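Worksheet: the structure to be examined is printed underneath.
Number of protein chains: 2
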Amino acid sequence: MNGQIDELDRGIIRCLSKDGRMSFTEIATQLNVTEKTIRSRYKNLIDHEILQVVGVVNPTAIGVKAGAIIELMVELMALEQVIEGLRNLREVRFITTTSGKYQIMTQIAVPSQDDLSSSFKRIRDIPGIIEMNSIIQLNVYKNTFQYI
Amino acid sequence: MNGQIDELDRGIIRCLSKDGRMSFTEIATQLNVTEKTIRSRYKNLIDHEILQVVGVVNPTAIGVKAGAIIELMVELMALEQVIEGLRNLREVRFITTTSGKYQIMTQIAVPSQDDLSSSFKRIRDIPGIIEMNSIIQLNVYKNTFQYI
DNA sequence: AATGAAACTCGGATCTG
DNA sequence: CAGATCCGAGTTTCATT
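Chains as they are written, first to last, in the numbering used here: chain A, 809 to 956; chain B, 809 to 956.
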């Protein structure tokens with residue numbers, strides 16, 4: 809395995825995308841190979857960090873119902889520290905640097921609208937931030953992590 | 809089960825967040841209950857769509873290395889159709905309505921920078937869009953779906 | 001909570017290109 | 001040599017008690 813994946817790997821990924829606990833035997837039957845083959849391919853995918861099988865909670869079901877997207881203009885010297893500061897906040901789920909006027913865009917997820925303002929404050933307190941533009945999410949219509 | 813989850817459920821979720829294929833027996837040992845209990849709790853979590861165990865691919869490992877965030881101003885009458893148009897695009901992974909100047913914010917994930925422009929064009933062609941502001945993601949520093 | 005049958009996992013030996 | 005197959009022992013699942 810050299811980092812490339814083939815049709816069989818994609819088949820395994822497709823199966824596990826639907827049900828991460830599908831048995832190797834079942835996958836093997838569907839893809840017409842032996843269970844051992846699936847098992848070793850699976851191990852390779854996991855070892856190479858191509859695939860990850862994990863439990864994902866539905867945020868609304870556990871009471872995480874509000875979110876916002878925040879654009880940050882930062883002092884360039886402080887870029888790394890701001891990212892580190894954001895990364896350490898539990899409610900921050902996405903951080904990227906971006907083209908355009910703002911250097912950082914981040915997304916937060918919190919229980920309710922009321923929790924947004926305290927989160928905004930926590931972020932504003934990170935040293936190095938020049939300007940902050942907060943956009944509140946109203947309704948989420950798609951949120952997938954199936955990139956295949 | 810009434811929609812609320814207790815400490816044991818959270819324990820199960822915590823275990824499966826690390827390894828979605830951990831055996832029920834193993835989880836039972838870690839949490840000091842019987843395997844049968846874990847199995848029925850698991851079923852409840854799945855049935856109530858609180859938890860989902862799925863294979864997640866590392867996008868960069870499969871060659872999805874570029875992304876962008878797009879803000880859209882749309883004709884209010886066309887809001888639903890625009891959302892539907894976006895939802896049907898494979899590369900669109902996130903759609904939300906937002907407060908502020910733009911009504912929709914969406915995120916796309918594609919193999920390379922070169923694929924961004926064709927994706928932008930596909931989006932611009934959705935009827936009902938008045939203005940479109942594209943922000944290219946440079947580096948992603950955090951991208952979690954563990955909200956717990 | 002315990003039992004037991006059926007299904008699944010997983011390592012070793014073997015085969016193939 | 002990497003990767004696939006066959007096979008058998010050891011676990012896990014899961015319905016019944």
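Heads up, the beta-carbon is just placed ideally off N, CA and C, and yes, glycines get one too. None of these values were measured; they are calculated from a predicted model.
Check	Outcome
Thr952 of chain B burial status per 10 Å Cβ neighbour count (16 or more: buried)	exposed
Test: Asn951 of chain B CB closer than 9 Å to a CB of chain A	yes
Span of the alpha helix (DSSP H) around Ala836 of chain A	832–839
Within chain B, partners of Met913 of chain A - CB distance below 9 Å	Ile877, Ile943, Gln945
Cβ contact check for the segment 874–894 of chain B and the segment 907–914 of chain B: 3 or more pairs under 8 Å	yes
Classification of Arg932 of chain A by the beta-carbon crowding that lies within 10 angstroms, buried from 16 upward	exposed
Alpha-carbon to alpha-carbon, Val864 of chain B and Gln915 of chain A	20 Å
Other residues of its chain near Ile956 of chain B: CB distance less than 8 Å, five sequence neighbours each side excluded	Arg818, Ile821, Arg822, Ser825
Beta-carbon contacts of Gly828 of chain A that lie in its chain and below 6 Å, excluding the five residues immediately before and after	Val861
Buried or exposed (CB count within 10 angstroms, at least 16 for buried), Arg895 of chain B	exposed
Residues of the segment 825–847 of chain A with Cβ closer than 8 Å to any Cβ of chain B, in chain order	Ser825, Lys826, Asp827, Gly828, Arg829
C-alpha gap between Asn947 of chain B and Ile903 of chain A, whole angstroms	8 Å
Residues that Ala874 of chain A bridges to, as DSSP identifies them	A:Val918
Candidates B:Leu924, B:Asp855, B:Gly936, of which the one nearest Ala876 of chain B by Cα	B:Leu924
Limits of the unbroken alpha helix (DSSP H) element including Lys851 of chain B	843–855
Other residues of its chain near Glu879 of chain A: CB distance less than 6 Å, five sequence neighbours each side excluded	Tyr910, Met913, Asn941
Backbone CA spacing between Ser848 of chain A and Arg930 of chain A [nearest angstrom]	46 Å
Close beta carbons around Gly905 of chain A, own chain, < 7 Å, minus the five adjacent residues each side	The sequence shown places Thr at residue 905 of chain A, rather than the Gly named in the question. Cβ neighbours of Thr905 of chain A beyond the five flanking positions: Gln911, Ile912.
Residue interval of the alpha helix (DSSP H) (run including Arg901 of chain A)	Looking at the DSSP string, Arg901 of chain A is not in any alpha helix (DSSP H); the run it does join, the beta strand (DSSP E), is 900–906.
Residue-level contact to chain B via CB, Gly863 of chain A, 9 Å cutoff	yes
Cβ-Cβ distance between Val841 of chain B and Ala874 of chain B below 9 Å	no
Beta-carbon proximity of Ser926 of chain B to Leu897 of chain B, cut-off 9 Å	no
DSSP three-state assignment for Gln860 of chain A, whether helix, strand or coil	strand
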